[in-house]
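Written out below as structure tokens is the structure these notes cover.
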Amino acid sequence: PLICDAYISDQLPNSTLKYLKFRFRTNNKIHLLLLSLSLSLSLSQYSVLFQFLAEAMVFLSWGRPSSEQQQQVINKAGTFNYDNKYRGASSRSAAKLKEDSEVDKDGFLINHSRVLVGYGKESYEKGKKALQNWKHFGMDWAFVDPKTRVETGNKFCICVKQVLPWVMLPLQVVYVDEIRKSRKGPARFGYGSGTLQGHLLAGEERFSVELDGDGKVWYEITSLSKPAHFLSFLGYPYVKLRQKHFAHHSSHALLKHVHDSSSPP
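When you number the sequence shown by the UniProt record's numbering, it's gap-free, plus one each residue, and the end is 265.
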């Protein structure tokens with residue numbers, strides 16, 4: 001894969017014009033792209049900005065990423081890129097996350113989508129199997145290796161097609177939980193994954209299916225996220241639009257799978 005990381009030039013011409021060098025490594029060749037920023041910032045603000053940029057890294061591929069490329073990304077990704085206190089936070093309801101002042105104070109945006117996808121136990125089992133096999137990523141512009149096991153601790157990549165390159169986003173399954181249906185209670189299956197170093201965002205996302213007391217089957221996506229890379233920081237309105245776009249397409253993919261008569265329950 002093409003790996004882009006940023007580092008600071010040693011030659012700074014003055015206090016307001018700073019040069020950032022971007023180093024691209026692919027096939028053992030080094031390509032340099034200079035980007036100049038003319039900003040009115042203090043030296044301390046520049047220091048913080050440059051430290052942030054120096055740690056930035058994004059994983060790109062000009063073609064559809066192979067399993068080998070994804071494994072390379074996973075090996076390089078390292079640990080979670082968000083605070084330990086939010087580990088497992090996506091298991092909470094979207095309403096509770098929005099009410100949490102700490103979540104808001106720390107800059108997280110809450111996204112939530114809940115769509116009716118079917119009725120009855122058979123539809124629920126199909127939905128559950130779909131999540132376990134990543135059918136909710138059944139899109140031509142976003143996918144996860146379907147061989148990835150949904151187990152706590154497993155690392156994987158979400159591969160997303162952007163305007164030109166593919167972006168590989170490393171994550172790790174934080175938890176898997178299931179509530180089996182009782183006589184009166186609902187049934188629910190879901191899992192949450194957290195972002196790793198090299199992901200454009202920082203936070204967690206939960207996917208779940210639920211069979212409620214009325215026999216309705218719901219597909220739900222809940223996430224809390226914030227920019228973790230200067231590219232996502234600069235283009236955050238676009239990122240938020242893509243998140244909504246993904247939720248719509250993911251719901252459609254899972255709905256199609258549940259209603260496909262050939263899909264195994």
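Ideal Cβ placement from N, Cα and C applies to all residues, glycine included.
Here's the rule I'm using: 16 or more other beta-carbon atoms within 10 Å means buried, otherwise exposed. How should residue i be labelled?
i      : result
Thr222 : buried
Leu224 : buried
Gln101 : The amino acid at residue 101 is misidentified as Gln; the sequence shows Ser. Exposed, since its Cβ has fewer than 16 Cβ neighbours within 10 Å.
Trp62  : exposed
Ala95  : exposed
Leu32  : Any answer about Leu32 is weak, because its pLDDT of 35 lies below 50 and its placement is not dependable; what the coordinates show is given next. Exposed: under 16 other Cβ atoms inside 10 Å.
Leu255 : buried
His245 : exposed
Tell me the residue span of the alpha helix (DSSP H) that contains residue i.
i      : result
Tyr238 : Tyr236 to His259
Gly118 : Element bounds for Gly118: not the alpha helix (DSSP H) but the beta strand (DSSP E), Leu109 to Tyr119.
Quick check: what's the CA-CA separation for residue i versus residue j?
i      : j      : result
Leu196 : Lys76  : 10 Å
Asp214 : Gly185 : 10 Å
Ala54  : Glu220 : Because Ala54 carries a pLDDT of 44, less than 50, the predicted location of this residue cannot be relied on, and the following value inherits that uncertainty. So the alpha carbons of these two residues sit roughly 36 Å apart.
Lys216 : Gly127 : 12 Å
Tyr86  : His257 : 32 Å
His199 : Gln162 : 14 Å
Asp106 : Leu97  : 12 Å
Leu116 : Glu125 : 14 Å
Val176 : Gly78  : 21 Å
His252 : Asn81  : 30 Å
Tyr238 : Asp260 : 33 Å
Ala89  : Val173 : 13 Å
Could you give the residue range of the beta strand (DSSP E) that holds residue i?
i      : result
Leu211 : Leu201 to Leu211
Asp100 : Per DSSP, Asp100 belongs to no beta strand (DSSP E) and is neither H nor E.
Phe137 : No beta strand (DSSP E) holds Phe137; DSSP gives it neither H nor E.
Val58  : Met57 to Ser61
Gly190 : Ala187 to Thr195
For residue i, which three-state DSSP category applies?
i           : result
Gly78       : coil
Ala228      : coil
residue 266 : Here the chain covers residues 1 to 265 and nothing more, so residue 266 does not appear.
Lys105      : helix
Glu122      : helix
Gln172      : strand
Val150      : coil
Lys216      : strand
Lys161      : strand
On a CA-only basis, which of the options is nearest residue i? Give me that one, please.
i           : options                         : result
residue 266 : Lys96, Phe108 and Ser193        : The shown model of the chain, from 1 to 265, leaves out residue 266, and the question about it has no answer.
Ile158      : Ala89, Pro170, Gln69 and Gly235 : Pro170
Gly235      : Tyr124, Leu201 and Glu178       : Leu201
Gly120      : Gly190, Asp212 and Tyr238       : Asp212
Phe59       : His249, Leu231 and Gln243       : Leu231
Let me check you understand the geometry: is the CB of residue i closer than 6 Å to at least one non-hydrogen atom of the ligand SAM?
i      : result
Gly138 : Absent from the structure shown: the ligand SAM. Ligands present: none.
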